[in-house]
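Participant: I have a structure here, written as structure tokens, and I will follow up with some questions on it.
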Amino acid sequence: MSNKIAEEGLDTLFLSARTQNGWQDKPVPAELLRELYQLVRMGPTSANCSPARFVFITTEAGRARLAPALSKGNVEKTMTAPVNVIVAWDTKFYDALPVLFPHGDARSWFTSSESFARETALRNSSMQAAYLIMAARALGLDTGPMSGFDAKAVDAAFFADTSWTVNQIINLGYGDAKKVYDRLYRFDFEEACIYV
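Its first residue numbered 4, the sequence shown is counted upward by one per residue in my numbering.
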């Protein structure tokens, strides 16, 4: 790939993008969530393992299940978001590898080491969560990723008797510009990068 994205696209994806803490009362259509996933699924993962699983919470009943697991400071912004996405990962993701990565016996790489499987799934589902954030921005949605929640409570409420487990939660919708914090400091290249 040799085409650089236009400045406007870079601005949408990175420069003017903000973590949202408040939301407009504007629904996100189900078709847009499907379009979002169609983009997310195309992002690369190691050995195409694709361990992320997504729960799109769009109802009051779903939010009522999620609310008790949230940290106090995350309740209001989560309950008022049009969509809450639980980004989970499948602890048995490797069972799909014969279809997702038919080039060799990739399943055996993970069935022989639980720690390697966990590390791979967590790393790659985190990448897929980032793809979701970028794809949402590209489609005109705002995002509010967070990790302030009780993972065991989320798993009990949504994933009992499954092989899924929560990674993080991302609120989606159309942000309220009045509820965005001022841009905070980011490390300069010299503070965060080295050449070797």
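For glycine and all other residues, C-beta sits at the position ideal for the given N, C-alpha and C.
Taking the straight line between their C-alpha atoms, what separation do you get for Lys155 and Phe96?
Facilitator: Here the question's residue 155 lines up with position 152 in the sequence shown. Here the question's residue 96 lines up with position 93 in the sequence shown. Answer to the nearest angstrom: the Cα atoms are 20 Å apart.
Participant: What residue range is occupied by the uninterrupted alpha helix (DSSP H) comprising Phe113?
Facilitator: On the sequence shown, position 110 is the one that residue 113 refers to. First-last of the alpha helix (DSSP H) with Phe113: Arg110 to Thr114.
Participant: Examine the Cβ distances between the stretch 96-114 and the stretch 34-43 and report whether three or more of them are shorter than 8 Å.
Facilitator: The stretch 96-114, when compared against the stretch 34-43, does not touch it at the 8 Å Cβ threshold.
Participant: For Val90, does the count of other Cβ atoms within 10 angstroms reach 16, so buried, or fall short, so exposed?
Facilitator: The sequence position of residue 90 within the sequence shown is 87, counting from 1. Result: buried.
Participant: Looking only at its own chain, which residues have a Cβ that is under 7 Å from the Cβ of Ile136, when we skip the five neighbours before and after it?
Facilitator: Along the sequence shown, read from residue 1 onward, the residue named residue 136 stands at position 133. So the qualifying residues of the chain are Thr146, Pro148 and Ile173.
Participant: Taking the beta strand (DSSP E) that Met137 belongs to, which residues open and close that run?
Facilitator: Residue mapping note: residue 137 aligns to position 134 of the sequence shown, counting from 1. Looking at the DSSP string, Met137 is not in any beta strand (DSSP E); the run it does join, the alpha helix (DSSP H), is Glu117 to Ala141.
Participant: Tell me which same chain residues have a C-beta within less than 7 Å of the C-beta of Ala72, skipping the five on either side of it?
Facilitator: The residue labelled residue 72 in the question sits at position 69 within the sequence shown. Same-chain partners within the cutoff: Phe152, Asp153, Ala156, Val157 and Ala160.
Participant: Would you kindly report the start and end of the unbroken alpha helix (DSSP H) that includes Thr81?
Facilitator: Sequence index remark: in the sequence shown, residue 81 carries index 78 (1-based). Per DSSP, Thr81 belongs to the alpha helix (DSSP H) from Val78 to Met82.
Participant: With a threshold of 7 Å on Cβ separation, who are the neighbours of Gly107 within its own chain once the five nearest residues in sequence on each side are excluded?
Facilitator: Here residue 107 corresponds to residue number 104 of the sequence shown, with the count starting at 1. Excluding residues within five positions, none has a Cβ falling inside 7 Å.
Participant: If you follow the alpha helix (DSSP H) that Pro101 is part of, which residue opens it and which one closes it?
Facilitator: Reading the sequence shown from its first residue, position 98 is the one you call residue 101. Its alpha helix (DSSP H) spans residues Leu100 to Leu103.
Participant: Hey, how far is the Cα of Ala180 from the Cα of Cys196?
Facilitator: By one-based count along the sequence shown, residue 180 stands at place 177. By one-based count along the sequence shown, residue 196 stands at place 193. Their backbone Cα atoms lie some 32 Å apart in a straight line.
Participant: Taking C-alpha atoms, which residue in Gln23, Ala70 and Ala132 lies nearest to Arg44?
Facilitator: Within the sequence shown, the letter at position 41 stands for residue 44. Checking every option, the nearest Cα to that of Arg44 belongs to Ala132.
Participant: With burial defined as no fewer than 16 other Cβ atoms inside 10 Å of the residue's Cβ, what is the status of Pro101: buried or exposed?
Facilitator: As a first step, residue 101 must be located in the sequence shown, where it is residue number 98. Per the 10 Å Cβ criterion, exposed.
Participant: Looking only at its chain, what residues have a beta carbon closer than 6 Å to the beta carbon of Arg21, apart from the 5 residues adjacent to it on each side?
Facilitator: Residue 21 sits at position 18 when you count from the first residue of the sequence shown. Counting only Cβ-Cβ distances below 6 Å, and skipping sequence neighbours, we find Val183.
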